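Undergrad:
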Amino acid sequence: MDKDKFNKEINKMFQNKKFVNCLIVLLAIIFLWLAVSNFLGDDIGISKGSDTPQGAQEVSTDDGLMTSKELLNYEDQQKAELEKILSKMSGVGEVIVNIYFESGEIQVPATNSSTQTSETQEEDTNGGTRVTKQETEGTTVVMKSDSSTSEPFITKTYKPTITGVLIVAEGANSSEVKYNIQKAVSNLYNLSLDQVNVYPMNN
3 MDKDKFNKEI NKMFQNKKFV NCLIVLLAII FLWLAVSNFL GDDIGISKGS DTPQGAQEVS
63 TDDGLMTSKE LLNYEDQQKA ELEKILSKMS GVGEVIVNIY FESGEIQVPA TNSSTQTSET
123 QEEDTNGGTR VTKQETEGTT VVMKSDSSTS EPFITKTYKP TITGVLIVAE GANSSEVKYN
183 IQKAVSNLYN LSLDQVNVYP MNN
């Protein structure tokens, strides 16, 4: 095929509206696929030289993960922070805190939902046709993997729920100080006053 004939064939193809439309759709699909691949790659990528998923320190974000070490230290961190806050309050003095949790962290995995439809045609004895349609819905957990492991892709992590607080305070002999401690902790953790128990420290 000489050059002129080849050019004519190319021009003829591009003058075909159906061919042009198909080409545009194909390019759009390729572009969308590349964009989605880059987006997912940034979200669930694993850092080289580390076993911790990206965003592991961002517990408060939607896609943050709490590592096992962070989970073990979470209670101690909460106790230390609360003791520091209470000890700064007027008349409280030295404090010892114990926090009760309902359960550990709750992780919500990403899921894919799918619906499968099947249609069956049957002929009855009278020569008629009966059509039966059946829909089956299913949900699968989205997994992420590296070269050696595979685990669910977590979209949300909820911190452990606090159900009660026990406080032993040096200044809790004062009813006013005791109430101020209860009120502060109640507001801080959204607890009722009877969930916050305050006792005076044995001198």
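Under this note's numbering, the sequence shown has 111 at position 109, and the numbering climbs by one with no breaks.
Positions of the beta carbon are idealized from the N, C-alpha and C atoms, including for glycine.
Since the structure is predicted, the reported quantities are computational estimates derived from the model, not experimental observations.
1) Residues in the same chain with beta-carbon distance under 6 Å from E85, minus the five sequence neighbours each way, listed in chain order, please.
2) Under three-state DSSP, which class holds F33?
3) What's the gap between the Cα of V198 and the Cα of T141?
4) Determine the contact status of T138 and T119, defining contact as a CB-CB distance below 9 Å.
5) What residue does the alpha helix (DSSP H) around A174 start on, and which one ends it?
6) Taking the CB atoms as reference points, tell me whether V170 and M203 lie closer together than 9 Å.
7) Need the endpoints of the beta strand (DSSP E) that Q123 sits in, please.
8) Could you have a look at N23 and say whether DSSP puts it in helix, strand or coil?
9) What is the rounded straight-line gap between the Cα of N192 and the Cα of F155?
10) Just tell me which of S194, N205, Y76, A174 has its CA closest to the CA of S89.
11) Between the Cα of Y201 and the Cα atoms of S177, E77, S188, which residue gives the shortest distance?
12) Enumerate in chain order the residues of its own chain whose CB-to-CB distance from E124 is below 6 Å, with the five nearest sequence positions on each side excluded.
13) Note down the Cα distance separating V143 from S115, rounded to an integer number of angstroms.
TA: Looking at the atomic coordinates:
1) V97, V99
2) helix
3) 42 Å
4) Yes, the Cβ-Cβ distance between T138 and T119 is below 9 Å.
5) Looking at the DSSP string, A174 is not in any alpha helix (DSSP H), and its letter there is neither H nor E.
6) yes
7) Unbroken beta strand (DSSP E) run through Q123: 113-125.
8) helix
9) 30 Å
10) Looking at S194, N205, Y76, A174, the one whose alpha-carbon comes closest to that of S89 is A174.
11) S177
12) Closer than 6 Å at the Cβ level, and outside the excluded window around E124, lie R132.
13) 9 Å
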